[in-house]
Amino acid sequence: MIISTTSNDTIEKIHLIDTLERLGISYHYEEEIEDQISKMFDQNVIREEDDLYKVALYFRLFRQHGYPISSDHFNQFKGNNGKFKETLLKDAKGLLCLYEAAHVRKHGDDILEEALIFATSHLEKITPNTLDSTLEKQVTHALMQSLHRGISRVEAHFNISIYEECESRNEKLLRLAKLDYNLLQVIHKEELSELTQWDVSEVDRLPNYMKPIYTILLDLFEEYEIEVKKQDRCNGVYYVKEAMKEIVRSYYIEAEWFIEGKIPSFKEYLSNALITGTYYLLAPASLLGMRSASKETFDWMINKPQILVASALIGRVIDDIATYKIEKEKGQLVTGIECYMQENNLSVEEASAKLSEIAENAWKDLNKECIKPTSMPTEILMRVVNLTRLIDVVYKNNQDGYSNPKNNVKSVIEALLVNPINM
Numbered sequence: 001m002i003i004s005t006t007s008n009d010t011i012e013k014i015h016l017i018d019t020l021e022r023l024g025i026s027y028h029y030e031e032e033i034e035d036q037i038s039k040m041f042d043q044n045v046i047r048e049e050d051d052l053y054k055v056a057l058y059f060r061l062f063r064q065h066g067y068p069i070s071s072d073h074f075n076q077f078k079g080n081n082g083k084f085k086e087t088l089l090k091d092a093k094g095l096l097c098l099y100e101a102a103h104v105r106k107h108g109d110d111i112l113e114e115a116l117i118f119a120t121s122h123l124e125k126i127t128p129n130t131l132d133s134t135l136e137k138q139v140t141h142a143l144m145q146s147l148h149r150g151i152s153r154v155e156a157h158f159n160i161s162i163y164e165e166c167e168s169r170n171e172k173l174l175r176l177a178k179l180d181y182n183l184l185q186v187i188h189k190e191e192l193s194e195l196t197q198w199d200v201s202e203v204d205r206l207p208n209y210m211k212p213i214y215t216i217l218l219d220l221f222e223e224y225e226i227e228v229k230k231q232d233r234c235n236g237v238y239y240v241k242e243a244m245k246e247i248v249r250s251y252y253i254e255a256e257w258f259i260e261g262k263i264p265s266f267k268e269y270l271s272n273a274l275i276t277g278t279y280y281l282l283a284p285a286s287l288l289g290m291r292s293a294s295k296e297t298f299d300w301m302i303n304k305p306q307i308l309v310a311s312a313l314i315g316r317v318i319d320d321i322a323t324y325k326i327e328k329e330k331g332q333l334v335t336g337i338e339c340y341m342q343e344n345n346l347s348v349e350e351a352s353a354k355l356s357e358i359a360e361n362a363w364k365d366l367n368k369e370c371i372k373p374t375s376m377p378t379e380i381l382m383r384v385v386n387l388t389r390l391i392d393v394v395y396k397n398n399q400d401g402y403s404n405p406k407n408n409v410k411s412v413i414e415a416l417l418v419n420p421i422n423m
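Number 423 marks the last residue of the sequence shown (UniProt numbering); no jumps.
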C-alpha cells in the first residue's frame, strides 16, 4: 500500500514509482505500481504538464511499462524555429530526464532523436561544480550509462548511493533498499558457489577446456527436467537443446568459410552470425524455471519473434565493432565489419558507424515490441530486454568486456557479487 497511501498528487506518485524502480525494490510492489501507472495513463495526466522534467518522467515510465504514449508531448518544448528552446538549458534536471526518456524511442519518434542530441550535447557541456553535487554525479553516470539500457541491479547499487545523499530521502525506504540489495547479493553468491561445486565427470571426446562447461550444462538440464516433472510444468529443455544444435550447425558454416577463405555478403554473414551470437539460445534458456513459461511461450521464443531478432542483432553488431581489431590480428576473415567494408567499399570507421546505426535501429524495434498490446506478458519480454542490456554494459565504449573484463565488467561483478552496501 506504499503508493496508494501517499498524496493524491500524481507527480508525487510517479516520482515515488521512479524512486522504487531506481532503488531496485519495485518488484515488491508490481501490482500496485501497474495499477497506478494505468490510472495515470488513462487520465492523461501528462497533458496538463508543461514542465520538462515532469513530462519526460511521465513519458519514460509510461513507455517502460508498455503504454503507447505519444512523443508529440515534447513538441511544446520547441520554439518557432523548430528547435528545442534555449531556455531549457537552464534546467539541468529536466535535460537529464529528457536524455533518459529519449532512450525509449521507437521508429517514428523523430523528436526524440533530436532530443537525445540536444540533451546529450548540453549535458556534456555542463561545467564541473556548477550543479548540486548529487545531480552532477547523476549526469556523469547517465552519460556513461543510460538508465533504460543499464542492468537494473547494477543501477540500483549506484542509485542507492545517490538516494542516500538526497535530503528528502525516506529513511525506511533507503534501509529497505539496502537490505534488499545485500540479501539478493547473498543469494547470488550462494547460487554461484553451487554452480562451481558441481561434479565434473570425464567426457573423453571433448578437449579439456570444454569438458567442465559441457558436463555442467548436461547436469543442469537433467536437474531441471527432474524438477519440472515433479511440478507438472512445461519442459523447456527440448527447446534449449534445439537452439544449441542450431548454433553447432552455424559454427560449422563459419568453419567452412574460414577454410575456403570466403567472405560472404553482409546479409549472408548476418543470417548465420545472429545464431552464433548465442542470443537465440540464451533467451529460451532464461525461461527455464519460470512457472509462467508455457509451451506456447517456448514455441513463440524458438520461432524468433521480432523482439528477439532485434536483441540478437544488437548483440551481434556491437560485438563485431568491439572485437574487430583483435579478430583481425588473429587472422579471422569473416567478421561483420570486414563483410560490410568489402561489400560497400568503406573504411573501418565508416563500417563501424553503419553497424552502430543498425544497433540503434534495432533498439527502436525492441522498444516498440514492448508497447501494448504485446505478444507475450511483460515478464517474458523483459528476459529479452535484460539480455540486451547486458550487451550495452559489457561492450561499453566499443570495448570487449568479455576479453578484457577490467574495462567494463570488473566493476559490475564487484557491485553484484562482491561489495555489499554499507548499512
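Note that beta-carbon positions come from the ideal geometry of N, C-alpha and C, so glycine has one too.
Short check: CB of residue 306 to CB of residue 369, under 7 Å? Going by C-beta atoms, residue 306 is nearer than 7 Å to residue 369.
Just to confirm, are residue 371 and residue 314 a CB contact at a threshold of 7 Å? No, they are not a contact pair.
Taking the beta carbon of residue 301 as the centre, do at least 16 other beta carbons fall within 10 Å, making it buried, or is it exposed? Residue 301 is buried by the Cβ-count criterion.
Please go through the same chain and pick out, in chain order, the residues whose beta-carbon is closer than 8 Å to the beta-carbon of residue 123, but skip the five residues on each side of it. Excluding the 5 residues flanking it on each side, residue 123 has same chain C-beta neighbours closer than 8 Å at 92, 95, 96, 99, 139, 142, 143, in chain order.
What are the boundary residues of the alpha helix (DSSP H) that residue 361 is part of? DSSP places residue 361 in the uninterrupted alpha helix (DSSP H) bounded by 348-369.
Use the C-beta contact count for residue 266: other C-beta atoms within 10 angstroms, 16 or more gives buried, fewer gives exposed. Burial is judged here by how many other beta carbons sit within 10 angstroms of a residue's own beta carbon; residue 266 has at least 16 and is buried.
Reduced DSSP category for residue 78 - H, G, I as helix; E, B as strand; rest coil: Judged by DSSP in its simplified three-state form, residue 78 adopts strand.
For residue 255, does the count of other Cβ atoms within 10 angstroms reach 16, so buried, or fall short, so exposed? Per the 10 Å Cβ criterion, exposed.
Return the Cβ separation of residue 103 and residue 152 in integer angstroms, given the expectation that the two are a contact with Cβ distance under 8 Å. Rounded, the Cβ-Cβ distance is 14 Å, inconsistent with contact.
Take residue 379 and list the residues in its own chain whose beta-carbon comes closer than 8 Å to its own, dropping the five residues that flank it on each side. Cβ neighbours of residue 379 beyond the five flanking positions: 290, 292.
Could you check where the alpha helix (DSSP H) with residue 284 kicks off and where it finishes? Under the DSSP assignment, residue 284 falls in the alpha helix (DSSP H) whose first and last residues are 279-286.
Nearest by alpha-carbon distance to residue 405: which of 332, 171, 322 is it? Nearest C-alpha to residue 405: 322.
Which same chain residues end up closer than 8 Å to residue 277 when comparing Cβ atoms and leaving out the 5 residues on each side of it in sequence? Excluding residues within five positions, the ones whose Cβ falls inside 8 Å are 312, 315, 316, 319.
Would the beta-carbon of residue 22 fall within 7 Å of that of residue 159? Going by C-beta atoms, residue 22 is nearer than 7 Å to residue 159.
According to the neighbour-count rule (16 or more other Cβ atoms, all chains shown, within 10 Å of its Cβ), is residue 101 buried or exposed? Answer is buried; the Cβ neighbour count reaches 16.
Would you call residue 335 buried or exposed, if buried means 16 or more other Cβ atoms sit within 10 Å of its Cβ? Label assigned to residue 335: buried.
Taking 7 Å as the threshold (C-beta atoms), are residue 112 and residue 71 in contact? Going by beta carbons, residue 71 and residue 112 fall inside the 7 Å limit.
Examine the Cβ distances between the segment 6-20 and the segment 43-59 and report whether three or more of them are shorter than 8 Å. They touch, by the three-pair rule.
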